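Residue numbers (this note's numbering): 4 to 268. Just so you know, even glycine gets a beta-carbon here, dropped at the ideal spot from N, CA and C. Computed from a predicted structure; not experimentally measured. The structure appears below as structure tokens.
Written as structure tokens, this is what we have:
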């Protein structure tokens, strides 16, 4: 079990709290990223995504900026951490929190299973409001001996995972779900796509069913693990792996990591 310290933004500072807020609390925005010995990937994109989501719910940009600066100052520069920032609403009161969490063990592979029920998302383009619902999907998948659930559209197309997004290879081209399929704008995927563009690799946008991924190399991406290869889709397609490709791309992402105080991070 990883250690977590919860810090509440109050009076212009982060203060340790015991989470005993009375009444219903609505999580309106959240973001998390990996910090490994003070290095992180595309922190500016996490910041922008969180500011956009929280700002749409009435949080002032100046307050968010002050909170963010305090968050960066509060993060350890040694060890592996997976902090989460939250914007929450309790009736007519708003609050900002930092969950300073030790990172769980990171992995290079993952198994998945198709979610068989309805789509539980209420705000599919925003990270935070559906976090608990998506974690329940993952728990359900784990009961079926998978690590992650795959969410399909009403038409049966692959949309995203319970805590991941997906990309797959068609020959030398990298493919991702069609942008018309609503999902979280993944920072890790954006970093991979930027690398692909710089390397001159074609990027395809596709509507695919699980069966149409048979024989392809499928990746699951998120901010904790980076890129993982999907080694098994339970009761789904058979998947492939091009030897060496996954490690090359994991190494490329690692090169992009910057110190968390660096404005380029």
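Should residue i go down as buried or exposed, given a rule of 16 or more other Cβ atoms within 10 Å for buried?
i, result
"residue 81", "exposed"
"residue 32", "buried"
"residue 165", "buried"
"residue 131", "buried"
"residue 206", "exposed"
Can the beta-carbon of residue i be found closer than 9 Å to that of residue j?
i, j, result
"residue 189", "residue 140", "no"
"residue 142", "residue 235", "no"
"residue 240", "residue 208", "no"
"residue 167", "residue 45", "no"
"residue 194", "residue 259", "yes"
"residue 16", "residue 73", "yes"
"residue 135", "residue 30", "yes"
"residue 88", "residue 62", "no"
"residue 124", "residue 137", "yes"
"residue 219", "residue 256", "no"
With a cut-off of 8 Å on the beta carbons, I'd call residue i and residue j a contact; round off their distance for me.
i, j, result
"residue 161", "residue 211", "6 Å"
"residue 85", "residue 37", "6 Å"
Kindly indicate which three-state DSSP category residue i falls into: helix, strand or coil?
i, result
"residue 210", "coil"
"residue 170", "strand"
"residue 47", "helix"
"residue 75", "helix"
"residue 125", "coil"
"residue 58", "helix"
"residue 254", "helix"
"residue 193", "helix"
Legend entry - Touch test, the segment 71–89 against the segment 41–57, Cβ-Cβ under 8 Å, three pairs minimum: Contact between the segment 71–89 and the segment 41–57 is present, because at least three Cβ pairs lie under 8 Å.
Inset, instruction - Would you be able to state if there are at least three C-beta pairs under 8 Å between the segment 9–18 and the segment 59–79? - result: Taking 8 Å as the limit for Cβ pairs, the verdict is that the segment 9–18 does touch the segment 59–79.
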